[in-house]
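Undergrad:
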Amino acid sequence: MRRAIFPGSFDPLTNGHLDIIRRARALFDEIVIAVLDNPDKNPMFSAAERRAMIEEILPEIGNGECAIVVDSFSGLTADFAIRKKAGAIIRGIRAVADYEYELRMALMNRRLAPEIETVFLLAAEEYSYVSSTLLKQVFALGGRVEGLVPTQVEKKMREKLAEKI
Ligand code: PNS
């Protein structure tokens, strides 16, 4: 059984994340989308909200041969991967700018859990500039984000913004 975790903040999940999940499906029997519970980072959505949003969208990804599940975690990604008996950690790379941070993280995770490989997948070019942080900024200032996040996420972002007004 080839199991991988796909850790991230997913605050919120973007079409770039979905693109990576779709690409990873062909490589693994099971992917655990691992939502980092990081209240100290003052996220837009709680870990429970992020998890629920991803679960709502999952049927659209179409599992195929690969089972996709959602979980949340706090603490070290390497520890979570070990707990899940995963053989790999999936990370998406958008552009060269991601590389240095991802390299440091992968090497640290390798030190913490030498038996777990980090697998980098390249996001589609059309999402190479899409990040959750940028999206939240654009959205909060009234910019359009359709096509960059699933429609369910856009709706939840609108509701969240309305709550604050
Ligand atoms: O979506 P993000 O914010 O780029 O994901 C970053 C994430 C969650 C993968 C990273 O911050 C992480 O692994 N955090 C958990 C704590 C940890 O393991 N830190 C050491 C990483 S080497």
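Residue numbers for the sequence shown follow our numbering, so the first one is 2 and each next one is one higher. Quick reminder that beta carbons are idealized off the backbone N, C-alpha and C, glycines included. Please read all numbers here as calculations on a predicted model, not as lab measurements.
Quick check: the region 57-65 against the region 88-95, are at least 3 beta-carbon pairs closer than 8 Å?
TA: The region 88-95 is not in contact with the region 57-65.
Undergrad: Would you tell me roughly how many angstroms separate the C-alpha atoms of Phe156 and Glu164, rounded to the nearest one?
TA: By one-based count along the sequence shown, residue 156 stands at place 155. By one-based count along the sequence shown, residue 164 stands at place 163. Note that residue 156 is Lys in the sequence shown, not Phe. For Lys156 and Glu164, the distance between alpha carbons rounds to 12 Å.
Undergrad: What's the C-alpha gap between Glu116 and Glu103?
TA: As a first step, residue 116 is located in the sequence shown; it is residue number 115 there, counting from the start. As a first step, residue 103 is located in the sequence shown; it is residue number 102 there, counting from the start. Between Glu116 and Glu103, the C-alpha separation is close to 18 Å.
Undergrad: Assign Ala27 to one of two classes, buried (16 or more other C-beta atoms within 10 Å of its C-beta) or exposed (fewer than that).
TA: In the sequence shown, residue 27 corresponds to position 26, counting from 1. By the 10 Å Cβ count, Ala27 comes out exposed.
Undergrad: Can you name the residues that DSSP bridges to Ser73?
TA: The count along the sequence shown starts at 1 and reaches residue 73 at position 72. In the DSSP output, where bridge partners are listed per residue, Ser73 has Val36.
Undergrad: When the Cα of Ala87 is compared with those of Val70, Tyr100, Glu101, Asp99, which residue comes out closest?
TA: Within the sequence shown, residue 87 is the residue found at index 86, counting from 1. It is Val70.
Undergrad: Applying the criterion that 16 or more other CB atoms from any shown protein chain within 10 Å of the CB defines a buried residue, is Gly17 buried or exposed?
TA: Position 16 of the sequence shown, counting from 1, holds the residue named residue 17. Gly17 comes out buried.
Undergrad: From this set, Ala125, Ser133, Val154, which residue's C-alpha is nearest Ser10's C-alpha?
TA: On the sequence shown, position 9 is the one that residue 10 refers to. Ranking the options by Cα distance to Ser10, first place goes to Ser133.
Undergrad: Following the continuous alpha helix (DSSP H) through Glu118, name the residue where it begins and the one where it ends.
TA: Here the question's residue 118 lines up with position 117 in the sequence shown. Run containing Glu118: none in the alpha helix (DSSP H); it sits in the beta strand (DSSP E), 118-123.
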